[in-house]
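This report concerns only the one structure given below.
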Amino acid sequence: MLHSIMGNAIEINNVSKIYTKVKALDNVSFSVPEGVLYGLIGPDGAGKSTLYNILTTLQHPDSGSAFVAGYDVVKERKEIRTEVGYMPERFSLYPDLTVKENLEFFASLFGVRVKDNYDLIAPVMAQLEKFPNRRASALSGGMKQKLALGCALIHRPKVLLLDEPLSNLDARLRLQTREEIRRIQKETGITTIFVTHDQEEAMSISDMIVVMKDGIVQQIGKPQEVYDNPANLFVAKFLGTPPINVFDGQIRDERLYIGEDAVMELKNAENREVYVGIRPEGFLLREDGPFQCGLSGIEVMGRDISVLCTNKASLNPTVRAIIGTENNINIEKLSARFALAPHKVFLFDKETEKKAEFDR
Ligand code: ADP
Ligand code: MG
Numbered sequence: 125m126l127h128s129i130m131g132n133a134i135e136i137n138n139v140s141k142i143y144t145k146v147k148a149l150d151n152v153s154f155s156v157p158e159g160v161l162y163g164l165i166g167p168d169g170a171g172k173s174t175l176y177n178i179l180t181t182l183q184h185p186d187s188g189s190a191f192v193a194g195y196d197v198v199k200e201r202k203e204i205r206t207e208v209g210y211m212p213e214r215f216s217l218y219p220d221l222t223v224k225e226n227l228e229f230f231a232s233l234f235g236v237r238v239k240d241n242y243d244l245i246a247p248v249m250a251q252l253e254k255f256p257n258r259r260a261s262a263l264s265g266g267m268k269q270k271l272a273l274g275c276a277l278i279h280r281p282k283v284l285l286l287d288e289p290l291s292n293l294d295a296r297l298r299l300q301t302r303e304e305i306r307r308i309q310k311e312t313g314i315t316t317i318f319v320t321h322d323q324e325e326a327m328s329i330s331d332m333i334v335v336m337k338d339g340i341v342q343q344i345g346k347p348q349e350v351y352d353n354p355a356n357l358f359v360a361k362f363l364g365t366p367p368i369n370v371f372d373g374q375i376r377d378e379r380l381y382i383g384e385d386a387v388m389e390l391k392n393a394e395n396r397e398v399y400v401g402i403r404p405e406g407f408l409l410r411e412d413g414p415f416q417c418g419l420s421g422i423e424v425m426g427r428d429i430s431v432l433c434t435n436k437a438s439l440n441p442t443v444r445a446i447i448g449t450e451n452n453i454n455i456e457k458l459s460a461r462f463a464l465a466p467h468k469v470f471l472f473d474k475e476t477e478k479k480a481e482f483d484r
């Protein structure tokens, strides 16, 4: 029975899944409109694979409902569906079949022919074309993963569900393959959920990201919007390379203090303790800047300079600022002074760790 989904190819409503000791999913809800790529991200144990398994009917939630391409995946547990392409975290190929035979097998499952759809997967298969007759068991981990991706796409699905599809590829192939997935997705308009623990990967190819932790959706939004406006300290820390710097701070007399330095004016803010998150690119090297840090070294990274600092109020041993190579930084000095770019500074409530709004 087809469920009407109003332009959403995937709908997840209040899905929960509890194991004996852990809540793997806690009331998860979101919808994916047709043709859109959602990056589902979170650290290990966030519940990503559990949600993937539910969407692919491998697991059953304790409560809630979910629909994929019009099918109720909780009630109608039909694993092979022509509308959907799957690639689980531990995907399976037929080890004794060759590259070509594996593709043919998966195509036949869906009643299609490899040659009719090969154009779609050709970019993904490029490196594998050199050895069409090699058995899957003899391929490297990365090539197996590419073949599995080809098998997931060979029947031109309308919805694509991928759980950590690039984890076995080396850095360069990872970058290349994620761009291929994005290009195929855009060209064909396949609605996609792309599960990854790698925030950078998700940020770079997703239309929208869903950030999860401990089975709970923390925030949903466009990658840049979530980066620029994180809902809480966890999201702020999870997104961004290098990561955000976090300090203990105080609001006193409408000023934000980090240690003894009054780093910013805060109109109408009440006196209280806060966590202060400062993105590495929010530090502006200024001789008369209000924020002083100890200088422990620099790393020149081609396009910009990473300045390694220390500060007593920092929650991490190293504070990392990213500045342009046009800056002249004297590493003989023991300290550096910074002004802060206001839109790169976030305050978080010390108890709830939610982002606190304030006038700047
Ligand atoms: P992720 O894919 O985000 O790393 P998972 O969905 O695999 O997370 O796991 C979410 C949580 O559920 C983890 O704490 C994990 O240990 C737990 N979990 C997953 N599968 C089982 C299981 N079969 N039995 C008990 N706990 C499980
Ligand atoms: Mg997982």
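Just so we're aligned: the sequence shown equals residues 125 to 484 in the working numbering. Built from N, CA and C at the ideal position, the CB exists for glycine as well.
Cβ distance (whole Å) where residue i is taken to contact residue j below 8 Å
i: L285; j: L179; result: 6 Å
i: L419; j: I382; result: No, L419 and I382 are not in contact; Cβ-Cβ is about 16 Å, not under 8 Å.
i: F482; j: A445; result: Not really, about 22 Å apart at Cβ, beyond 8 Å.
i: D385; j: P414; result: 6 Å
i: V139; j: T315; result: Not quite, the Cβ-Cβ distance comes to about 18 Å (not below 8 Å), so this is no contact.
i: K270; j: Q300; result: Their Cβ separation, rounded to whole angstroms, is 10 Å, which puts K270 and Q300 out of contact at 8 Å.
i: A260; j: N226; result: 6 Å
i: V156; j: A193; result: The pair is not a contact, with the Cβ atoms about 11 Å apart (cut-off 8 Å).
i: V208; j: P281; result: 5 Å
Euclidean distance between Cα positions of residue i and residue j
i: L297; j: T206; result: 29 Å
i: Y210; j: E135; result: 17 Å
i: N137; j: A190; result: 6 Å
i: D428; j: H279; result: 45 Å
i: F371; j: L439; result: 5 Å
i: A393; j: I368; result: 23 Å
i: S216; j: I447; result: 46 Å
i: I245; j: G171; result: 29 Å
i: E345; j: D287; result: Correcting the residue identity first, residue 345 is Gly in this sequence and not Glu. Each residue's Cα considered, the two are about 20 Å apart.
i: S330; j: K457; result: 42 Å
i: A262; j: P219; result: 8 Å
i: I308; j: N241; result: 12 Å
i: G373; j: L380; result: 7 Å
i: A480; j: F362; result: 18 Å
i: Q183; j: K202; result: 12 Å
i: I142; j: G169; result: 13 Å
i: I305; j: T312; result: 11 Å
i: L126; j: F154; result: No answer about L126 holds up, because its pLDDT of 48 lies below 50 and its placement is not dependable.
i: F358; j: F255; result: 45 Å
i: R410; j: I422; result: 16 Å
i: Q343; j: G163; result: 12 Å
i: E253; j: G274; result: 12 Å
i: V146; j: V152; result: 15 Å
i: V350; j: R258; result: 44 Å
i: F472; j: R237; result: 55 Å
i: E303; j: S328; result: 9 Å
i: K310; j: V334; result: 19 Å
Per-residue burial, residue i [other beta carbons within 10 Å of its own, 16 or more giving buried]
i: T144; result: exposed
i: K467; result: Going by the sequence as given, residue 467 is His instead of Lys. Flag for H467 reads exposed.
i: E389; result: exposed
i: K478; result: exposed
i: Q348; result: exposed
i: M336; result: buried
i: N78; result: Lying before the first or after the last residue shown, residue 78 is absent from the chain, which here runs from 125 to 484.
i: T181; result: buried
i: M425; result: exposed
i: K268; result: buried
i: R376; result: exposed
i: E325; result: buried
i: K239; result: exposed
i: P354; result: buried
i: L464; result: buried
i: E475; result: exposed
i: N356; result: buried
i: A295; result: exposed
i: T442; result: exposed
Helix, strand or coil at residue i [DSSP, three-state]
i: N241; result: helix
i: G313; result: coil
i: F255; result: coil
i: L126; result: Reliability of the predicted coordinates at L126 is poor, the pLDDT of 48 falling under 50, and the value obtained from them is presented with this limitation in mind. In this structure, L126 counts as coil in the three-state DSSP scheme.
i: D428; result: strand
i: T174; result: helix
i: K468; result: helix
i: A250; result: helix
i: A460; result: strand
i: R296; result: helix
i: L284; result: strand
Where the beta strand (DSSP E) containing residue i begins and where it ends
i: D385; result: D385 to E389
i: N132; result: N132 to I142
Boundaries (first-last residue) of the alpha helix (DSSP H) holding residue i
i: F362; result: L357 to F362
i: G274; result: G265 to L277
i: F407; result: Looking at the DSSP string, F407 is not in any alpha helix (DSSP H); the run it does join, the beta strand (DSSP E), is F407 to L409.
i: L221; result: Element bounds for L221: n/a, residue is neither H nor E.
Residue-level contact to chain D via CB, residue i, 7 Å cutoff
i: N177; result: You won't find chain D in this structure, because it holds only one protein chain.
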